[in-house]
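What follows is a short report on a single structure.
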Amino acid sequence: MIGGLRRLRLEGGLVLLGTLLCAAALAASLHDWPRTIAAHPWEVAAFALAIAVGEHASITLPGNRAIAPVSTAAALAFAMAGRTAGDAPLSLSGWFVIAVTALSVGVGNGAIAVRGWRVPLVELMPRLIGVSVAVGLARFGPWHSRSVLDLQREGAALLASTWTTALAMLLLCAAALSAHGLVSALIQKGRDHAPLRRAFVDEVHSLGALAAALSATSVLIVTAMVAVGALAVPLLLAPLFVTQSGVRRFAANRVTYLQTIRSLSRLTDLSGYTEPGHAERVAVLARAVGRELGMSARDIVDLEYAALLHDIGQVSLTVPIPKGATVQAAPANQRRIASDGAEIVRKTGVLDAVAVILEAQSTPYRQVREYGEDLPLASRIIKVCNAFDDFAEGARGPALRAQALERIHLGLGYEYDPRVVDSLSRVLGRGSV
Amino acid sequence: METTTPPPAADPVSTRRERYVAVVVLVAVALVALAAFTVPLSLVNWEAFGVLVVLGMLSERLRETDVTPGVALSLTSIMLLSCVVFTGPVGAAAVGAVAPIGVSRGARLVFNSALYACVGAVGGLAYSLAGGLVGHMLHRAGTSGQLALHVAAPLLLADLAQALVNAVLLAGIIYLSNGTPVRQFVRGVLKSAGLMYVGYGVIAFIFVVEWYPARLGAFSTVLVLAPLLVARWSMVQYGDEFRAHERTLDALVAAMETKDVYTRGHSERVARLCEAMAHSLGLNQEDTQALRFAGMLHDIGKLSLPSGLLRASTVTDEQFAQISRHADQGVEMVRQIDFLADSVGGIRHHHERWDGLGYPSGLSGTDIPLFARIIAVVDAFDSLTTVRADRDAYSVEAALGELRDRAGSQLDPAMVEALERALPRTGWEPTQLPPRVLATAGASYDHDCPENSDRLAASPQLVDLVQRGRHGAGRRSVSS
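In order, the protein sequences belong to chains R and X.
Under my numbering, the first residue of the first sequence is numbered 853, with each subsequent residue one higher.
Under my numbering, the first residue of the second sequence is numbered 937, with each subsequent residue one higher.
Laid out in structure tokens, this is it:
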């Protein structure tokens, strides 16, 4: 509850900031619009259209975050563009760029919303803030009191500065995209209760390569504009746009993997070894505990898969365990189930990390304290969550859950990691699972 | 694209391949000679040539395998296209010939070099024929109009020419290695990679524009890496799709073989033989894959059977009926996996009999899905040619004899014939299992052996027992 309120405040604050920015930009530039548009109609139209259409080519990342690479690249180029075809100067005021960008983003998303897809306003804020940073940096010269745009305008005379200008623009994009990433991380932190630094590092890992590609594309647009004018915008954005089919295949591949894992997870249910729904419940619990303990997004994915597959080793049993409750089985059997499961999972070739987690899922916590064994955190989490669900048998009532937690407390320190059990108590107390 | 197929087993096939490679090399040399006369070397941008040699070799190293079996996709096509503009056809052929060095070896290296040289030369010739500006002539192209007419349009033509030549030459060697029909391969490749080739043309054009009119010179290489790597990422997704499917299968089969050691290898052999039959029956690429998947997973339902039952040496009628449920159970286990949707029919009906006395639905004749009829034949064949604890493996001829005896009753006669046609190319040998496995399994009951289907056909009560509970007894139309 408290977390939810904090999140609303954070997102509300960001939306307010964005709105103020747009309002200020509109107010400051409105008187200039007719003149600017009349002077450079094709260029402004190309950028505005690219940004609006680019909003449709958005990619949804795991964790339900949406990014719009085409739109972002176009906006960054818009912020930095200083020359157009035939070496003619392109003079666009900073507020003008921000205002048109905001308007195009609004129109693009408005069209999406009309078709029925929800787009949370707060997700547009990283783009807006990123572009504003780019606009600001491009027009205020940090070196030799000349801005990037000034360098561009002089570039016609000095051949050497063509590529130094390009380099400067790359750095500028990097700065703007870092701002983008930071705002995204803030939003993510609000949603997942993850530490901010972890959220930012996750952003960099998953989007770093894309950010580099976007920066380079923006610079390519700006430099190509000198030769082909407004045509540079669709030309350079075409490769990014066409990768949509690659993106669809990427999404389809992920779906295939998830379906495979779910099917593997159901194998023991269908064969009568385990109770239906057990694996999913353990996965939900494990995910919440993992996030709470600050695991990275990648590790959480591995943890979730391991939780879904933790019982698959039971197929090798000749006599099924009653209700598939491994917590009741003899330790030797538990170990064999764990290692058989890990072997099967290794065959997929992509789940080696999961196999490592599964191998150690039955190891008691005391091995860490007594023998200094290195037990992966994910394995400890699965052991606790699995035991909890085996004891509680899927009940949601507080009394039965309290009972299950009690039984786990009996094995605290011996079987189960106290830190993980504490985290589980907190997660259960929040009432969201 | 280039090939990654392994060297073949049989000799006559190998000499045919060598002859084909020699022909391709001669064609490449002829094209280069022709090209040398059309575009003067004075126009070549040597700086760009050097850059493109390096990029060409790099893109070969970064190639994406597993686009379709035996074919790898790489960005070299973009390099060759760019070369066509910066250096003309001779330069493009040179970059192409040099690119696979260090990545491919031996005969494959010779073929890939010759392939790329042909592709580069053809692209360059097409470009010049269409009036394209080469190398230093590009300083003259200032306006967008000139660029469009004298660079973009000819480049598009060169792009299409290159794509076609690449696909056709590759289809030849794939046909000689796998038996995949040429037209099917070319159509399949152009369908799956067609749009990417247009994208390549755009990236090559971008490269040219950034180098010359935008005056970035060699620095444009650094920036152009961005769309290049974005294109490569897209390619990787194609490969990832193929790999995702394979790994799904491996995991499911691993689970099944953990439970029943005796079936180890059986699913894989059935899948391989099914693929060979698909080629001999002329199925297209998608159907071949779906059949392969069905072949790999046809016995997955056995996971739901009690281990005791799998190890029994004889079974009663009731136990037989219990085992027969593995067909439906198998479908239940994989129905949530979308890419297996076309394989479900083959899994469910692989124990149907041509005369309608099979299970689970009692379908007969061509009502039985094609994949199921193929798997039935292959399943029986592999069961016969695998050694058991109580008997030796049948020889290939003896097994075929048994199958021919059952054509028309248990098995589809056309499918038995197709198997006979497909077998010689596979070089099939009877399967021997290690003594350890035989000892563990003992004289356990093999459900796939044709004798058990005979038992089913001979006993009307058993047929009833097995087909009972299927929405009423007796035959019904195809369901999957």
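Note that beta-carbon positions come from the ideal geometry of N, C-alpha and C, so glycine has one too.
Residue from the options with nearest C-alpha to residue i
{"i": "Ser1300 of chain X", "options": "X:Arg1289, X:Val1399 and X:Leu1306", "result": "X:Arg1289"}
{"i": "Ala1158 of chain R", "options": "R:Ile1196, R:Leu901, R:Ala876 and R:Cys1025", "result": "R:Ile1196"}
{"i": "Arg1200 of chain X", "options": "X:Asp1235, X:Ala1394 and X:Val961", "result": "X:Asp1235"}
{"i": "Arg935 of chain R", "options": "R:Ser1148, R:Asp1269 and R:Thr1075", "result": "R:Thr1075"}
{"i": "Leu979 of chain X", "options": "X:Glu954, X:Ser1297 and X:Thr1023", "result": "X:Thr1023"}
{"i": "His1261 of chain R", "options": "R:Val1273, R:Leu1252 and R:Ala1207", "result": "R:Val1273"}
{"i": "Leu994 of chain X", "options": "X:Leu1188, X:Val1039, X:Thr1224 and X:Val1101", "result": "X:Val1039"}
{"i": "Thr1322 of chain X", "options": "X:Ala1350, X:Pro1296 and X:Pro1366", "result": "X:Pro1366"}
{"i": "Ala909 of chain R", "options": "R:Lys1199, R:Val957 and R:Ala898", "result": "R:Val957"}
{"i": "Val1134 of chain X", "options": "X:Leu1093, X:Ala1107 and X:Ala1150", "result": "X:Leu1093"}
{"i": "Gly992 of chain X", "options": "X:Met1015, X:Asp1328 and X:Arg1324", "result": "X:Met1015"}
{"i": "Met1213 of chain X", "options": "X:Asp1186, X:Phe1317 and X:Pro1163", "result": "X:Phe1317"}
{"i": "Met932 of chain R", "options": "R:Ala965, R:Arg858, R:Phe1102 and R:Leu1022", "result": "R:Leu1022"}
{"i": "Glu1222 of chain X", "options": "X:Ala1277, X:Leu1374, X:Met1171 and X:Leu1246", "result": "X:Ala1277"}
{"i": "Asn1048 of chain X", "options": "X:Gly1068, X:Ser1010 and X:His1072", "result": "X:Ser1010"}
{"i": "Val1085 of chain R", "options": "R:Ser881, R:Ala902 and R:Val1056", "result": "R:Ala902"}
Cβ-based neighbour list, residue i, same chain, cut-off 6 Å, excluding 5 preceding and 5 following
{"i": "Val1304 of chain X", "result": "According to the sequence provided, residue 1304 of chain X is Ile. The question's Val does not apply to it. His1285 and Glu1288, listed in sequence order."}
{"i": "Arg861 of chain R", "result": "none"}
{"i": "Thr1126 of chain R", "result": "Thr1120, Asp1163 and Gly1176"}
{"i": "Leu1045 of chain X", "result": "Pro1036"}
{"i": "Phe1143 of chain X", "result": "Ser1018 and Val1160"}
{"i": "Tyr1063 of chain X", "result": "Val1020, Pro1090 and Ala1094"}
Below-8 Å beta-carbon distance, residue i vs any chain R residue
{"i": "Gln1272 of chain X", "result": "yes"}
{"i": "Val1145 of chain X", "result": "yes"}
{"i": "Thr1194 of chain X", "result": "yes"}
{"i": "Asp1186 of chain X", "result": "yes"}
{"i": "Gln1173 of chain X", "result": "yes"}
{"i": "Leu1061 of chain X", "result": "no"}
{"i": "Leu1401 of chain X", "result": "no"}
{"i": "Glu1000 of chain X", "result": "no"}
{"i": "Pro1163 of chain X", "result": "yes"}
{"i": "Arg1327 of chain X", "result": "no"}
{"i": "Gly1155 of chain X", "result": "Residue identity check: residue 1155 of chain X is Phe in the sequence provided, not Gly. Yes - at least one Cβ of chain R is within 8 Å of the one on Phe1155 of chain X."}
{"i": "Asp1235 of chain X", "result": "no"}
{"i": "Pro1090 of chain X", "result": "no"}
Min CB distance residue i to chain X below 8 Å
{"i": "Ile1196 of chain R", "result": "yes"}
{"i": "Asn1185 of chain R", "result": "no"}
{"i": "Lys1199 of chain R", "result": "yes"}
{"i": "Asp1192 of chain R", "result": "yes"}
{"i": "Thr1075 of chain R", "result": "yes"}
{"i": "Trp894 of chain R", "result": "no"}
{"i": "Gln1150 of chain R", "result": "Sequence inspection shows Arg at residue 1150 of chain R; the Gln mentioned does not correspond to that position. With 8 Å as the cut-off, Arg1150 of chain R does not count as an interface residue toward chain X."}
{"i": "Phe1052 of chain R", "result": "no"}
{"i": "Leu1072 of chain R", "result": "yes"}
{"i": "Phe899 of chain R", "result": "no"}
{"i": "Gly1060 of chain R", "result": "no"}
C-beta neighbour in chain A for residue i, strict 8 Å
{"i": "Ala1099 of chain X", "result": "Considering every chain present, this structure includes no chain A. Its protein chains are R and X."}
Cβ-based neighbour list, residue i, same chain, cut-off 8 Å, excluding 5 preceding and 5 following
{"i": "Gly1246 of chain R", "result": "Glu1127, Gly1129, His1130 and Arg1133"}
{"i": "Leu967 of chain X", "result": "Pro1025, Ala1029, Ala1053, Cys1054, Ala1057, Val1058 and Leu1061"}
{"i": "Gly1265 of chain R", "result": "Tyr1217, Arg1218 and Arg1221"}
Contacts around residue i, its chain only, beta-carbon distance under 7 Å, and the 5 residues preceding and following it disregarded
{"i": "Leu988 of chain X", "result": "Met1015, Ser1018, Cys1019, Phe1022 and Val1031"}
{"i": "Thr1079 of chain X", "result": "none"}
{"i": "Asp1105 of chain X", "result": "Before going further, note that residue 1105 of chain X is Leu rather than Asp in the sequence given. Excluding positions up to five away in sequence, the list reads Val960, Leu1051 and Cys1054."}
* Asked: Of all the alpha helix (DSSP H) runs that stay within the bounds of the region 1226 to 1299 of chain X, which reach a length of 4 or more residues?
  -> 1243 to 1247, 1253 to 1260, 1262 to 1270 and 1280 to 1284
* the region 1265 to 1292 of chain X: which residues have C-beta closer than 7 Å to a C-beta of chain R, in chain order? -> Result list: Gln1265, Glu1268, Met1269, Val1270, Gln1272, Ile1273, Asp1274 and Phe1275.
* Could you give the uninterrupted runs of the alpha helix (DSSP H) lying entirely in the region 1073 to 1099 of chain X, keeping only those of 4 residues or more? -> 1080 to 1083
* Return the chain-ordered ranges of every beta strand (DSSP E) run that is complete within the region 950 to 1023 of chain X and spans a minimum of 3 residues. => 1000 to 1004 and 1007 to 1009
* Relative to chain X, which residues along the region 1159 to 1171 of chain R have a C-beta separation below 7 Å, given in chain order? -> Ile1164, Val1167, Ser1168 and Thr1170
* Completely contained alpha helix (DSSP H) runs for the region 1290 to 1370 of chain X, where each covers 4 or more residues -> Listed in chain order, they are 1306 to 1320, 1332 to 1342 and 1349 to 1362.
* Residues in the region 1105 to 1120 of chain R having any Cβ partner in chain X nearer than 8 Å -> Asn1105, Val1107, Thr1108, Tyr1109, Gln1111, Thr1112, Arg1114, Ser1115, Leu1116, Arg1118 and Leu1119
* Against chain X: residues of the region 1077 to 1096 of chain R by CB proximity under 7 Å -> Val1078, Ala1079, Val1080, Gly1081, Leu1083, Leu1087, Leu1088, Ala1090, Pro1091, Leu1092, Val1094 and Thr1095
* Taking a Cβ distance cut-off of 9 Å, strictly less, list which residues of the region 1131 to 1142 of chain X are near chain R, in chain order. => Leu1131, Met1132, Val1134, Gly1135, Val1138, Ile1139, Phe1141 and Ile1142
* Asked: Between the region 929 to 959 of chain R and chain X, which residues of the former have a C-beta closer than 9 Å to a C-beta of the latter?
  -> Ala937 and Gly938
* Start-end ranges of the alpha helix (DSSP H) lying completely within the region 1129 to 1170 of chain R, minimum 4 residues -> 1130 to 1144 and 1149 to 1161
* Asked: Which runs of the alpha helix (DSSP H) fall wholly inside the region 900 to 966 of chain R and span at least 4 residues, in chain order?
  -> 921 to 932 and 946 to 966
* Cβ-based contacts, 7 Å cut-off: residues of the region 1211 to 1239 of chain X near chain R -> Leu1239
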